[in-house]
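Beneath this line is the structure, given in C-alpha cells, with notes to follow.
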Amino acid sequence: MSFPYFQQLEALDCGAACLRMVAKSHGRYYSLEYLREQTRISREGVTLAGISDGAEAIGLQTLALPVTLEQLRNEIPLPCVIPWGEDHFVVLYEVKGNKFLIADPEPAVQKARYSEGQMKTYWMDAGLENGRADTGVCLVLETTPEFFAKGKEGVDKSSIGHVWGYIRKYQKLLWQLAGGLIVGMVLQIMFPFLLKNMVDVGIVYDDSDFITLVVIAQGVLFVTLTLISLLRRWILLHIGTRVNVSLISDFISKLTRLPMNFFNSRLGSDLVQRINDHDRVQRFLTGQTLMSIFSLMNFVAFGFVLALWNKQILGVFLVGTVLHLGWLYFFQRQRRELDIRRLDQAADNQAQLQEIVSGMAEIKLYGAERRKRWSWERNQAHIYHTSVKLMQIDQVQRTGAGVLNESKNLIITFLAAIAVLNNTMSIGMLVAIHYILAQLNVVIRDFADLMHNYQESALSLERMDEVHGKQDEDRPEEQLGFVPESDYISVDQVDFHYVGPHSPQILRNVTTRIPRNKITAIVGSSGSGKSTLLQILLGFYAPSEGTVSLGTTNLHAIENQAWRKEIGMVQQDGFIFSETIAKNIALGDEVIDQQRLLEAVRIAQIQSFIEGLPMGYKTPIGEKGMGLSRGQQQRILIARAIYKNPKILFLDEATTGLNAFTEVLIMDELLEHFKGRTVIMVAQRYTTIRQADHIIVLESGEIVEQGSHGELMYERSTYFNLVQQQVELGS
Numbered sequence: 076m077s078f079p080y081f082q083q084l085e086a087l088d089c090g091a092a093c094l095r096m097v098a099k100s101h102g103r104y105y106s107l108e109y110l111r112e113q114t115r116i117s118r119e120g121v122t123l124a125g126i127s128d129g130a131e132a133i134g135l136q137t138l139a140l141p142v143t144l145e146q147l148r149n150e151i152p153l154p155c156v157i158p159w160g161e162d163h164f165v166v167l168y169e170v171k172g173n174k175f176l177i178a179d180p181e182p183a184v185q186k187a188r189y190s191e192g193q194m195k196t197y198w199m200d201a202g203l204e205n206g207r208a209d210t211g212v213c214l215v216l217e218t219t220p221e222f223f224a225k226g227k228e229g230v231d232k233s234s235i236g237h238v239w240g241y242i243r244k245y246q247k248l249l250w251q252l253a254g255g256l257i258v259g260m261v262l263q264i265m266f267p268f269l270l271k272n273m274v275d276v277g278i279v280y281d282d283s284d285f286i287t288l289v290v291i292a293q294g295v296l297f298v299t300l301t302l303i304s305l306l307r308r309w310i311l312l313h314i315g316t317r318v319n320v321s322l323i324s325d326f327i328s329k330l331t332r333l334p335m336n337f338f339n340s341r342l343g344s345d346l347v348q349r350i351n352d353h354d355r356v357q358r359f360l361t362g363q364t365l366m367s368i369f370s371l372m373n374f375v376a377f378g379f380v381l382a383l384w385n386k387q388i389l390g391v392f393l394v395g396t397v398l399h400l401g402w403l404y405f406f407q408r409q410r411r412e413l414d415i416r417r418l419d420q421a422a423d424n425q426a427q428l429q430e431i432v433s434g435m436a437e438i439k440l441y442g443a444e445r446r447k448r449w450s451w452e453r454n455q456a457h458i459y460h461t462s463v464k465l466m467q468i469d470q471v472q473r474t475g476a477g478v479l480n481e482s483k484n485l486i487i488t489f490l491a492a493i494a495v496l497n498n499t500m501s502i503g504m505l506v507a508i509h510y511i512l513a514q515l516n517v518v519i520r521d522f523a524d525l526m527h528n529y530q531e532s533a534l535s536l537e538r539m540d541e542v543h544g545k546q547d548e549d550r551p552e553e554q555l556g557f558v559p560e561s562d563y564i565s566v567d568q569v570d571f572h573y574v575g576p577h578s579p580q581i582l583r584n585v586t587t588r589i590p591r592n593k594i595t596a597i598v599g600s601s602g603s604g605k606s607t608l609l610q611i612l613l614g615f616y617a618p619s620e621g622t623v624s625l626g627t628t629n630l631h632a633i634e635n636q637a638w639r640k641e642i643g644m645v646q647q648d649g650f651i652f653s654e655t656i657a658k659n660i661a662l663g664d665e666v667i668d669q670q671r672l673l674e675a676v677r678i679a680q681i682q683s684f685i686e687g688l689p690m691g692y693k694t695p696i697g698e699k700g701m702g703l704s705r706g707q708q709q710r711i712l713i714a715r716a717i718y719k720n721p722k723i724l725f726l727d728e729a730t731t732g733l734n735a736f737t738e739v740l741i742m743d744e745l746l747e748h749f750k751g752r753t754v755i756m757v758a759q760r761y762t763t764i765r766q767a768d769h770i771i772v773l774e775s776g777e778i779v780e781q782g783s784h785g786e787l788m789y790e791r792s793t794y795f796n797l798v799q800q801q802v803e804l805g806s
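All residue numbers for the sequence shown refer to my numbering, where the first residue is 76 and numbers rise by one.
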C-alpha cells in the first residue's frame, strides 16, 4: 500500500503536513488547520518540540533522540519525522537497501529516494546541534489506544459545497445556461448532416438550389450558435463576477472574525494567495467546468454520429483519445512540480525587487548595489533553468500528443477512404467525418486544460477550507454581548507563552488589579513583557494559565467585538492606511464628525501641520505612511485613539518618535482629556510615568513592584533604579 502524501499549503506548514501524513498512514485523517493549532506554528515556523506536542495531542507516543544512519535504517520504527536542511521537516517512511524513501511536504519534491550520502548532507547536517557529526535527530511516533479512540478530529470537508452555495443562488441563469447548452449541442449535430447532404445530394446531383439552401441553413445555424455563445459568455461573466466578489468579501469578513494568533502564525503573502485562490476556483467552476460540460455533451453527440456511420472509426477515435489524454496526464506531475517551483521563484523575484526599491537608501549608504544586483541575477538564473526544463517537458508533451492525434486522424481518414471505395460510406460522410474530427479535437483540448487546472483548483479549495473551517474569535451563543460595569480589571496568576509550553515564557504568575478611572503605568526594561501584558488585556491573546477579569466576569466570557468597542489603543508600531489623513484618524466612521476630528488633532499636536498642507485633511497618505515622518505618523495614531473617545485607553509607548517637549505637551493634553477614565500605558520616560496613579514594574515577565510613584521611590528598588538611570542620562 502506498504511503499517503499531503503537501504543505503554506511556507510554514511542513511540521503539520508531516504529522498529517503519519496519522493518515495509521488510518486517521486530520485537517491541516487542526494540526497547525496542535503543533503551535509561529511566523518563524515549527520546532521538533512543537511537532511532538501535536503528535501527543492526537494520541501518538513520541520520542526525540539522536541516532546514527545505521540505527535509523535498522532500529527506528517507521514512519518517523526528521529535520531536513534548514527549518524544514520530512517523513522517512521506508528504507530499501541503501535508499531512504522520504515524503517531503514541499510540493516541488513530494516523494523521493535519497542515498546515504544525501542523507548525511540533508539530515545529519540539520541535526548538528546534538554535538555529534555522525548522528541526526529523529522523532519516533508510535500509536497508542488513545490515538485510535480519538476518531477523526478536524476532518477536512471539501470547499466545493461552500463555493457551489454561492453559484446555486443564480438558478434561473443556470437553467438558461443549461437550455443554451442543449440547444447548442443539437445545432452542432446538424452541421455534419448538412455537409454530408451538400456533397451527396447537391454536388453529386449538380443541384445548385439545394446547395444554396444548405449554405443558408449553415449561415442561420452559425448566427444562432454565435448568439447562444455570446449569451452563454455573458451569463458566465455575470455569475462569475458576482460569485467572486461575494466569495472574497465573505473571506475578508471571515478573516476579520479570526483571532490574532491566526495572523501571527502566517505570512502575509500566504493570506493574499488564499484570496487569489478564490478567483482561480471561481473561474474553474463557473467558467471551465461549465464549458467542459458543453464539450462533453458535444463529445457524446458527435460520438453518436460516428457510431451511426461507422463503429470501427468510432473505436479508433476512442482509443486515440485515451492515448492522447494518457500521454498528457503522464507529464502532469512533472509539469506541476516545475510550475510550483517557478511560482515560488517568481515570488522570490518579486520580493527581491520590492526590497531593492524600498531599501534603496540603505543599499546606497552601505555600498550594497553590486551584492543586491548579483543576488537578483542568481534568482533570474534559477528562473531561467526552471523555464527551460518546463519548455522541454512542454515540447515533448506537445510533440507526442500531436503525433498521437495526427496518427489517429490519419488512420480514421484511411479507414473512411477505404469505406468510400468499398461503397459502405459516401463522400459526403467522409467530409462530415473530417468536420467532426476538427470539432472533437477542440473538445479534447478542453479536457486537457481541465486536467491541468483541476490540480491547481483542488489545492486552492483545500487552502480556502483551512480558513473557512477555522473557529471565529467570538462565540455569541456562549459570550456576553456587552461589557459589564466593574471597579477594576483583575489579572490573576497569568502565565503566557506565544507558541506553546516549549517556547520562552513571556509572563510568569502575573497578578495585579488595575483600578477603574485611574491612570496605570506598566514599566520595565526592554523585553520584560510589558507589551505582551497589554496585548492580553486587549483580548488579542488568551493567557496560557490564569485569568483576566472585569470585576468578577472573565474577559474570555465577553465578546471581543463588544470589548473593543469600549477601548482605544495607540501602538508603537500602529498601521497607517493608504487613505486621506481624515479617514486615517476617523478609521471606524463612514461619516466623519468634524468637531471630534478637530479636537483629536489639537490634542495630538498635529493640527497646524495638517492645516498647512495644500489639501488639508483630505491629503492622501502614501503606502504605510510614506511621506510622513515617524513623529507625524505617531501623532496621527494618537489622534485616531482620541477621535474614538473610548472608555478605556491603552497606550503602548505611544510617544515613540517624538521629542521630549512634544511628548510632554501631548501627554498633558491627552491625560487631561481622559481624566476620570481608565488609562493603561506602557511607557519608558520618567516624565510620563510619574503622572500615573498606579505603577506596575515588570522584570523578566514577573511583577517585582507595584504602587504609586511616591511609594516606589521610597522603596528605592527596581523602579527607583530605572528612574535614576533616566535622570543620570538626562543630566
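Every residue gets a Cβ at the ideal spot worked out from N, C-alpha and C, and that includes glycine.
Determine which residues share a DSSP beta bridge with E774 and list them. Along the sequence shown, read from residue 1 onward, the residue named residue 774 stands at position 699. According to DSSP, E774 bridges with E777.
Using 9 Å as the threshold, is the C-beta distance between M124 and L110 below it? Locating residue 124 in the sequence shown gives position 49, counting from the first residue. Locating residue 110 in the sequence shown gives position 35, counting from the first residue. Just to set this straight, residue 124 is Ala in the shown sequence, not Met. Not closer than 9 Å, so no.
So Y563 is in the beta strand (DSSP E); what residue range does that whole segment cover? Here the question's residue 563 lines up with position 488 in the sequence shown. From DSSP, the beta strand (DSSP E) with Y563 extends over Y563 to H572.
Ignoring anything shorter than 4 residues, give me the alpha helix (DSSP H) runs that lie fully in the segment 149-221, in order along the chain. 191-194, all fully within the segment 149-221.
If you follow the beta strand (DSSP E) that N584 is part of, which residue opens it and which one closes it? Numbered from its first residue, the sequence shown carries residue 584 at position 509. Here the beta strand (DSSP E) through N584 covers Q580 to P590.
For M756, which residues does DSSP report across the bridge? Your numbering for residue 756 matches position 681 in the sequence shown. Looking at the DSSP assignment, M756 forms a beta bridge with A596 and L726.
Please classify T59: does DSSP put it in a helix, a strand, or coil? The structure shown does not extend to residue 59, since the chain is modelled only from 76 to 806, so the question has no answer here.
So, is Q284 buried or exposed, given that buried needs 16 or more other C-beta atoms within 10 angstroms? Mapped onto the sequence shown, residue 284 falls at position 209. Correcting the residue type first, residue 284 is Asp in the shown sequence and not Gln. The residue in question, D284, is exposed, as its Cβ has fewer than 16 Cβ neighbours within 10 Å.
What did DSSP end up calling Q646 once you bin it into helix, strand or coil? Here residue 646 refers to the residue found at position 571 when the sequence shown is read from its first residue. Correct three-state label for Q646: coil.
Cα-Cα, which of G706, I633 and N319 is closest to D648? Position 573 of the sequence shown, counted from the first residue, corresponds to residue 648. Answer by Cα proximity: G706.
Given V585 as reference, the closest of A617, E777, S578 and E221 once Cα atoms are compared: Here residue 585 is taken as the residue at index 510 of the sequence shown, counted from 1. Of the candidates A617, E777, S578 and E221, the one whose C-alpha sits nearest the C-alpha of V585 is E777.
Going by other Cβ atoms of all chains shown within 10 Å of its Cβ, with 16 needed for buried, is G687 buried or exposed? Position 612 of the sequence shown, counting from 1, holds the residue named residue 687. Exposed.
For Y794, does the three-state DSSP call read helix, strand or coil? Walking along the sequence shown from the start, residue 794 turns up at place 719. Three-state DSSP puts Y794 in a helix.
For L302, which of helix, strand or coil comes out of DSSP? As a working mapping, residue 302 is identified with position 227 in the sequence shown. Helix, per DSSP.
Is there contact here, the segment 175-189 with the segment 159-166, by at least three beta-carbon pairs under 8 Å? Contact between the segment 175-189 and the segment 159-166 is present, because at least three Cβ pairs lie under 8 Å.
Run through DSSP, which three-state label would T737 get? Locating residue 737 in the sequence shown gives position 662, counting from the first residue. Reduced to three states, the DSSP call for T737 is helix.
Straight-line gap, I685 to G691 (C-alpha atoms, nearest Å): For the purposes of this step, residue 685 is taken as residue 610 along the sequence shown, with counting starting at 1. For the purposes of this step, residue 691 is taken as residue 616 along the sequence shown, with counting starting at 1. Going by the C-alpha atoms only, they are around 5 Å apart.
Consult DSSP for H631 and reduce its assignment to one of helix, strand or coil. Along the sequence shown, one-based indexing puts residue 631 at 556. H631 falls in the helix class under three-state DSSP.
Take M756 as the anchor and find which of S561, V645, Q669 and N373 has the nearest alpha-carbon. Reading the sequence shown from its first residue, position 681 is the one you call residue 756. Of the listed residues, the one whose Cα sits closest to M756 is V645.
CB-CB under 6 Å to L398, same chain, minus the five flanking residues each way: which ones, in chain order? Stepping through the sequence shown from its first residue, residue 398 is reached at position 323. Taken in chain order, the residues that qualify are L479.
Give the C-beta separation of A632 and Q568 to the nearest angstrom, bearing in mind that I take them to be a contact with Cβ-Cβ under 8 Å. On the sequence shown, position 557 is the one that residue 632 refers to. On the sequence shown, position 493 is the one that residue 568 refers to. Your pair A632 and Q568 does not check out as a contact, with CB atoms roughly 18 Å apart and the cut at 8 Å.
Where K483 falls, given that 16 or more other Cβ within 10 Å makes a residue buried: Counted from its first residue, the sequence shown places residue 483 at position 408. With 16 or more Cβ atoms within 10 Å of its Cβ, K483 is classed as buried.
Could you pull the DSSP bridge partners for L555 from this structure? For the purposes of this step, residue 555 is taken as residue 480 along the sequence shown, with counting starting at 1. BP columns for L555 point to I633.
Between which two residues does the alpha helix (DSSP H) holding G395 run? Locating residue 395 in the sequence shown gives position 320, counting from the first residue. It spans K386 to F405 - the alpha helix (DSSP H) in which G395 sits, taken as one unbroken run.
Counted within 10 angstroms of its Cβ, other Cβ atoms place T210 as buried (16 or more) or exposed: One-based indexing of the sequence shown puts residue 210 at position 135. When all chains shown are included, T210 counts as buried.
Tell me whether K232 sits in a helix, a strand or coil according to DSSP, three-state version. On the sequence shown, position 157 is the one that residue 232 refers to. Because K232 sits at a pLDDT of 47, beneath the cut-off of 50, its placement in the model cannot be relied upon, and the point is left open.
Going by DSSP, what residue range makes up the beta strand (DSSP E) through L625? Position 550 of the sequence shown, counted from the start, is the residue given in the question as residue 625. Segment E620 to L625, the beta strand (DSSP E) holding L625.
Under 8 Å Cβ to Cβ from S600, same chain only, skipping five residues before and after it: list those, please. As a first step, residue 600 is located in the sequence shown; it is residue number 525 there, counting from the start. The answer, listed in chain order, is E774 and L797.
Can you give the Cα-Cα distance for I770 and G614, rounded to whole angstroms? On the sequence shown, position 695 is the one that residue 770 refers to. On the sequence shown, position 539 is the one that residue 614 refers to. Those two C-alpha atoms are separated by around 21 Å.
With respect to the alpha helix (DSSP H) encompassing Y109, which residues constitute its N-terminal and C-terminal limits? Here residue 109 is taken as the residue at index 34 of the sequence shown, counted from 1. Start and end: L107 to T114.
Residue from L745, K439, M366 and I133 with nearest C-alpha to R308: Working through the sequence shown from its first residue, we reach residue 308 at position 233. Comparing Cα-Cα distances from R308 to each of L745, K439, M366 and I133, the minimum goes to M366.
Endpoints, the alpha helix (DSSP H) within which T608 is located: Counting from 1 along the sequence shown, the entry for residue 608 is found at position 533. Reading the sequence as shown, one finds Leu at residue 608 and not Thr. K605 to L613 is the extent of the alpha helix (DSSP H) around L608.
Consult DSSP for Q455 and reduce its assignment to one of helix, strand or coil. Taking the first residue of the sequence shown as position 1, residue 455 is located at position 380. If DSSP states are grouped into helix, strand and coil, Q455 belongs with the helices.
Rounded distance between the beta-carbons of L505 and I487, thought under 8 Å: Residue mapping note: residue 487 aligns to position 412 of the sequence shown, counting from 1. Residue mapping note: residue 505 aligns to position 430 of the sequence shown, counting from 1. Not a contact, Cβ separation roughly 10 Å.
Option in G240, Y280, G102 and F392 with minimal Cα separation from P220: Taking the sequence shown and counting its residues from 1, one reaches residue 220 at position 145. It is G102.
G129 and A91: beta carbons closer than 9 Å? Sequence index remark: in the sequence shown, residue 129 carries index 54 (1-based). Sequence index remark: in the sequence shown, residue 91 carries index 16 (1-based). A contact, by the Cβ cut-off of 9 Å.
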